[in-house]
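Numbering of the sequence shown is given in full-length UniProt numbering, commencing with residue 1 and proceeding in unit increments. Reading through the structure tokens given below for one structure.
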Amino acid sequence: MHKNHKDSAPQPTYSIGDLAKEFDLTTRAIRFYEDMGLLEPQREGTGGRTRTYSARDRARLKLTLRAKRLGLSLTEAKEIIDLYESPRDSGAQLQKFLQVLAEHRQQLEERMQDIQLTLDEVRAQEKEAQQLLRKLGTREST
1 MHKNHKDSAP
11 QPTYSIGDLA
21 KEFDLTTRAI
31 RFYEDMGLLE
41 PQREGTGGRT
51 RTYSARDRAR
61 LKLTLRAKRL
71 GLSLTEAKEI
81 IDLYESPRDS
91 GAQLQKFLQV
101 LAEHRQQLEE
111 RMQDIQLTLD
121 EVRAQEKEAQ
131 QLLRKLGTRE
141 ST
């Protein structure tokens with residue numbers, strides 16, 4: 001982490017390596033998030049090759065990773081994060097966030113039901129196979 005000395009109250013800045021290490025990501029993943037518009041580092045050095053990330057970028061990265069853990073797409077994550085940074089009414093932002101979460105919850109519940117049905121089928125097949133094995137065992141012993 002670096003300190004930016006331009007303001008009277010220095011704001012922390014981070015290199016791509018700092019963020020990669022902190023969040024256990026590859027630098028390639030961070031560049032991908034940048035390409036998706038989730039991060040907007042300052043470009044410095046020859047040809048703008050050096051990226052300097054702000055505390056805002058770090059917070060956006062943290063929120064992006066949290067959204068991914070929830071199973072949201074990067075597009076959904078960006079939409080929600082952008083809503084929070086917009087000057088619009090916070091009630092509308094929260095409504096949109098609730099809508100996205102409700103849709104995602106519904107998808108997860110449907111997947112959970114599908115998994116439960118599959119588990120029930122597997123258990124039934126196991127039970128049937130065990131019964132057949134027991135029958136074979138009694139035939140072989142006679």
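Here a beta-carbon is modelled for each residue, glycine too, at the ideal position from N, C-alpha and C. Predicted model only: the values in this text are computed from it and were never measured.
Through-space distance from residue j to residue i, alpha-carbon basis
| i | j | result |
| --- | --- | --- |
| Met36 | Pro10 | 28 angstroms |
| Ala102 | Arg31 | 30 angstroms |
| Arg56 | Thr75 | 18 angstroms |
| Arg69 | Glu110 | 18 angstroms |
| His5 | Glu79 | Low confidence applies to His5: its pLDDT is 48, below 50, so where it sits in the model is not reliable, and the reading given next is rough at best. One C-alpha to the other measures close to 32 angstroms. |
| Arg49 | Arg43 | 6 angstroms |
| Leu83 | Gly45 | 32 angstroms |
| Leu19 | Thr118 | 40 angstroms |
| Leu108 | Gln116 | 12 angstroms |
| Leu53 | His104 | First, the amino acid is wrong: residue 53 is Tyr here, not Leu. So the alpha carbons of these two residues sit roughly 30 angstroms apart. |
| Glu126 | Leu94 | 47 angstroms |
| Gln130 | Ile16 | 56 angstroms |
Which of helix, strand or coil DSSP assigns to residue i
| i | result |
| --- | --- |
| Gln42 | strand |
| Thr118 | helix |
| Arg51 | strand |
| Thr26 | coil |
Beta-carbon contacts of residue i that lie in its chain and below 8 angstroms, excluding the five residues immediately before and after
| i | result |
| --- | --- |
| Glu34 | Glu40, Pro41, Arg51 |
| Val100 | Leu72, Glu76, Glu79, Ile80 |
From the options, residue whose alpha carbon lies closest to that of residue i
| i | options | result |
| --- | --- | --- |
| Lys62 | Leu25, Met112, Gln125 | Leu25 |
Spatial neighbours of residue i in its chain, beta-carbon cut-off 6 angstroms, leaving aside the 5 residues before and after
| i | result |
| --- | --- |
| Asp120 | none |
| Phe97 | Ile80 |
Same chain only: Cβ atoms within 7 angstroms of residue i, ignoring 5 sequence neighbours per side
| i | result |
| --- | --- |
| Gln113 | none |
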